[in-house]
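J.: Right, I'll just put the structure down here and ask away after.
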Amino acid sequence: MILILFGPPGAGKGTQAKLLSDYLKIPHISTGDILRQHVKDGSLLGKKAKAYMDKGELVPDALVTDMIFERMQRPDANKGFILDGYPRNLSQAEALDKNIKDKNSRIDLALYFQTSKDIIVKRLSGRRVCRKCGRNYHLVNMPPKKDMICDDCGAELYQREDDKEETVINRLNVYLKQSTPVLDYYKKQNKLQTINSDFAAEVVFKVIEDILGARKSAGSKK
Ligand SMILES: [Zn+2]
Numbered sequence: 401m402i403l404i405l406f407g408p409p410g411a412g413k414g415t416q417a418k419l420l421s422d423y424l425k426i427p428h429i430s431t432g433d434i435l436r437q438h439v440k441d442g443s444l445l446g447k448k449a450k451a452y453m454d455k456g457e458l459v460p461d462a463l464v465t466d467m468i469f470e471r472m473q474r475p476d477a478n479k480g481f482i483l484d485g486y487p488r489n490l491s492q493a494e495a496l497d498k499n500i501k502d503k504n505s506r507i508d509l510a511l512y513f514q515t516s517k518d519i520i521v522k523r524l525s526g527r528r529v530c531r532k533c534g535r536n537y538h539l540v541n542m543p544p545k546k547d548m549i550c551d552d553c554g555a556e557l558y559q560r561e562d563d564k565e566e567t568v569i570n571r572l573n574v575y576l577k578q579s580t581p582v583l584d585y586y587k588k589q590n591k592l593q594t595i596n597s598d599f600a601a602e603v604v605f606k607v608i609e610d611i612l613g614a615r616k617s618a619g620s621k622k
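Okay, here's the thing in C-alpha cells:
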C-alpha cells in the first residue's frame with residue numbers, strides 16, 4: 401500500500417500519518433523528519449541540504465527527492481509506505497511516479513485533508529514548541545504537565561512565529577496555491593480522496609479506515 405497525504409499546516413496530517421502507520425504497519429515517511437535527520441546525522445545529503453538552509457534558501461527539489469527515494473528503498477518500506485510532505489510540486493510528482501513504476505508498484509491513494517480556515521487558526525495558534533528538543537504541544541489538545549515547560553527535557557516552550565494568526569492565514573493561502581496542481585494531478589488519475597479534517601483526530605481516522613476498508617472489499621471482488 402502506497403499512500404500520499406496532503407493537507408495544509410494544521411490539518412492534522414501528521415497525527416493521521418502516525419495512526420495510519422500503526423494501523424497498516426508501514427513506515428511514515430515525512431519530508432520534514434527526513435531532512436532534519438540527514439542534517440543531524442551529517443550525511444552527504446544532509447551536508448548539501450544544510451548549505452542551502454544556512455543561506456536561507458530552499459533545499460532544491462532534486463536533493464529532497466534523493467532523500468525520499470533513499471528512504472523508500474529501505475527494507476521496512478518494501479510492503480508500502482505513507483508519504484507526508486512529498487511530492488510538493490508536479491516535477492516531484494512525476495519523479496515519484498517514475499520511480500514507483502520502475503519498481504512495478506503503484507500509488508494506491510492520495511488523501512487530502514481539507515480543513516476550514518477558522519479551525520486551522522484555532523489549532524495552530526494554540527501550538528507551542530519546546531525550545532530545546534522541538535517537541536510539539538497544544539494549549540488545549542495536548543498541554544504539557546507543567547505550564548509552558550517541556551515534559552521531556554524541562555526546557556521552555558514558545559510559540560513559533562509561523563503559528564501566529566496572521567502568519568497562519570498567509571501559510572494557508574500559500575499552501576492552497578502550491579498544492580492545487582499536485583492535487584489535480586492525482587484527481588486526474590482517480591486517486592484523490594478528500595477528507596473533511598475539521599473533526600477530531602479519531603473521527604477523521606475512522607473515515608479513512610472506512611475508505612481503506614471499502615477499497616479492500618472492492619479489490620477482493622475482482
Ligand atoms: Zn523539550
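Going from the sequence shown to my numbering is simple: count from 1 and add 400.
Glycine is no exception: its CB is placed at the ideal position from the N, C-alpha and C atoms.
Return yes when the C-beta of D547 is under 7 Å from any heavy atom of ligand 1, and no when it is not.
T.: Position 147 of the sequence shown, counting from 1, holds the residue named residue 547. Result no, Cβ not under 7 Å from ligand 1.
J.: Tell me, please, which residues DSSP counts as bridged to F406.
T.: What you label residue 406 is simply residue 6 of the sequence shown in a count that begins at 1. Its beta-bridge partners are Y512.
J.: Consult DSSP for R652 and reduce its assignment to one of helix, strand or coil.
T.: Any question about residue 652 goes unanswered here, given that the chain covers just 401 to 622.
J.: Rounded to the nearest angstrom, what separates L592 and Y512 at their Cα positions?
T.: Counted from its first residue, the sequence shown places residue 592 at position 192. Counted from its first residue, the sequence shown places residue 512 at position 112. Rounded to the nearest angstrom, the two C-alpha atoms are 7 Å apart.
J.: At a cut of 8 Å, does the region 498–515 reach the region 587–606 through at least three beta carbon pairs?
T.: As far as the Cβ criterion goes, the region 498–515 touches the region 587–606, which means the pair count is three or higher.
J.: Is there contact here, the region 428–439 with the region 477–488, by at least three beta-carbon pairs under 8 Å?
T.: Contact holds: three or more Cβ-Cβ distances are below 8 Å.
J.: Taking 7 Å as the cut-off, is the C-beta of R560 nearer than that to any heavy atom in ligand 1?
T.: Position 160 of the sequence shown holds residue 560. The answer is no for R560.
J.: Applying the criterion that 16 or more other CB atoms from any shown protein chain within 10 Å of the CB defines a buried residue, is Q409 buried or exposed?
T.: If you number the sequence shown from 1, residue 409 lands on position 9. With the sequence shown as reference, residue 409 is identified as Pro, and Gln is not the correct amino acid for it. With 16 or more Cβ atoms within 10 Å of its Cβ, P409 is classed as buried.
J.: Quick one: measure Cβ to Cβ for K450 and V439, integer angstroms, because I've assumed they're closer than 8 Å.
T.: Along the sequence shown, one-based indexing puts residue 450 at 50. Along the sequence shown, one-based indexing puts residue 439 at 39. With 8 Å as the limit, K450 and V439 qualify as a contact, their Cβ atoms being about 5 Å apart.
J.: Would E561 and M548 be called neighbours here (beta carbons separated by less than 8 Å)?
T.: Counting from one through the sequence shown, the residue named residue 561 turns up at place 161. Counting from one through the sequence shown, the residue named residue 548 turns up at place 148. No; because the gap between Cβ atoms is not below 8 Å, this pair is not in contact.
J.: Under the criterion of a Cβ to heavy atom distance below 7 Å, does A555 qualify as lining ligand 1?
T.: Walking along the sequence shown from the start, residue 555 turns up at place 155. The answer is yes for A555.
J.: Mind checking who N596 pairs with in its DSSP beta bridge?
T.: The residue given as residue 596 occupies position 196 in the sequence shown. Its beta-bridge partners are Q514.
J.: Which residue marks the beginning of the alpha helix (DSSP H) containing S443, and which one marks its end?
T.: On the sequence shown, position 43 is the one that residue 443 refers to. Premise fails: S443 is in no alpha helix (DSSP H) and is neither H nor E.
J.: Is there contact here, the region 526–546 with the region 604–622, by at least three beta-carbon pairs under 8 Å?
T.: No: fewer than three Cβ pairs fall under 8 Å.
J.: Which term fits V574, buried or exposed, when burial requires 16 or more other beta carbons within 10 angstroms of its beta carbon?
T.: As a working mapping, residue 574 is identified with position 174 in the sequence shown. Classification for V574: exposed.
J.: Candidates D508, G526, V568, Y558: which alpha carbon is nearest I611's?
T.: Start at 1 with the first residue of the sequence shown, and residue 611 comes out as number 211. It is D508 whose Cα lies nearest to the Cα of I611.
J.: Please confirm whether V582 and L445 have their CB atoms less than 8 Å apart.
T.: Translated into positions along the sequence shown, residue 582 becomes position 182. Translated into positions along the sequence shown, residue 445 becomes position 45. No, these two residues do not count as a Cβ contact at 8 Å.
J.: I want to check one thing, is the minimum distance from the CB of K532 to the heavy atoms of ligand 1 below 7 Å?
T.: For the purposes of this step, residue 532 is taken as the residue at position 132 of the sequence shown. Yes - ligand 1 has a heavy atom lying nearer than 7 Å to the Cβ of K532.
J.: Looking only at C-alpha atoms, which of F469, V529, A411, L419 sits nearest to C550?
T.: Here residue 550 is taken as the residue at index 150 of the sequence shown, counted from 1. For the residues F469, V529, A411, L419, the minimum Cα distance to C550 belongs to V529.
J.: If you check the beta carbons only, do Q492 and D461 fall under 8 Å apart?
T.: By 1-based counting over the sequence shown, the position of residue 492 is 92. By 1-based counting over the sequence shown, the position of residue 461 is 61. Contact flag set, yes.
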